[in-house]
Amino acid sequence: MINSKLIIATVVGAVVYFLLGWLVYGILLMDFFTNNTTFYEGLNKEMPDLLILFISNLFTAFLVAFICQHWAKKTTLMDGLQTGLFLFFLMGVALDLMFYSTMNMHTPLALVVDIAVYTVMGGIIGAVIGWVLGTGKKAEA
């Protein structure tokens, strides 16, 4: 059930997820989210725990890779893109709505932007995972 391709796809997906998160949330959209977040004492850590963040990325990448390989049989770049878009959209909507309903933290605009960004990132992560899962396949005759 767990094979080397699944492990490699998971690790590569997690690295892409980690780097994309740093680029998108940590650099490109940092000012936007700063301006659309209500800050409270102790809300954010001075420095994020990057190891735990990467472990979170590993679990999410494993979920996508496992679904692609074992349940959906999606092992191409385009299949992975579609699967990643779909899964991350669902996860983004579910998590952001839960947070929005229970916390007074983000503006409605930040909620919509976060869902859109998370969905696009998921498509990229899924595409990479699908591509890795499809490498080494024999061409069909």
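Here the sequence shown is numbered in our numbering, starting from 397 and rising by one per residue.
Where a beta carbon is used, it is the ideal one built from N, C-alpha and C, also for glycine.
The structure presented is a predicted model; accordingly, all values stated were derived computationally and were not measured.
- Query: Thinking just about the alpha-carbon of each residue, which of Leu493, Thr498, Met397 is nearest to the one in Leu507?
  - Reply: Here residue 507 corresponds to residue number 111 of the sequence shown, with the count starting at 1. Closest by alpha carbon: Leu493.
- Would you please verify whether the beta carbon of Trp527 is less than 8 Å from any beta carbon of chain D? The structure shown contains no chain D, having only a single protein chain.
- From Glu536 to Leu505, what distance separates their C-alpha atoms? Working through the sequence shown from its first residue, we reach residue 536 at position 140. Working through the sequence shown from its first residue, we reach residue 505 at position 109. Because Glu536 sits at a pLDDT of 48, beneath the cut-off of 50, its placement in the model cannot be relied upon, and the point is left open.
- Taking all protein chains shown into account, do 16 or more other C-beta atoms lie within 10 angstroms of the C-beta of Phe495, making it buried, or fewer, making it exposed? Position 99 of the sequence shown, counted from the start, is the residue given in the question as residue 495. Per the 10 Å Cβ criterion, exposed.
- DSSP beta-bridge partners of His502: In the sequence shown, residue 502 corresponds to position 106, counting from 1. Beta-bridge analysis with DSSP links His502 to Thr433.
- Item | Three-way DSSP call (helix, strand, coil) for Met487 in this model | Start at 1 with the first residue of the sequence shown, and residue 487 comes out as number 91. It is helical.
- Applying the criterion that 16 or more other CB atoms from any shown protein chain within 10 Å of the CB defines a buried residue, is Thr365 buried or exposed? Nothing about residue 365 can be reported from this structure: the residues present for the chain run from 397 to 537 only.
- Counting along the chain, where does the alpha helix (DSSP H) carrying Ala457 start and finish? By one-based count along the sequence shown, residue 457 stands at place 61. Residues 446 to 462.
- Task: Could you tell me if Leu483 is buried or exposed, where buried requires 16 or more neighbouring beta carbons within 10 angstroms of its beta carbon?
- Result: For the purposes of this step, residue 483 is taken as residue 87 along the sequence shown, with counting starting at 1. So Leu483 ends up on the buried side.
- Who are the near neighbours of Thr433 in its chain, counting only those whose CB is closer than 7 Å to its CB and skipping five residues on each side? For this step, residue 433 is matched to residue 37 along the sequence shown. Within the same chain, Thr433 has close Cβ partners Met501, His502, Ala506.
- Item | Cα-Cα separation, Asp475 to Glu437 | If you number the sequence shown from 1, residue 475 lands on position 79. If you number the sequence shown from 1, residue 437 lands on position 41. Spanning the two alpha carbons is a distance of roughly 43 Å.
- Message: One question on the structure: do Thr515 and Gly532 come within less than 8 Å of each other, judged by their Cβ atoms?
- Response: Position 119 of the sequence shown, counted from the first residue, corresponds to residue 515. Position 136 of the sequence shown, counted from the first residue, corresponds to residue 532. Contact: no.
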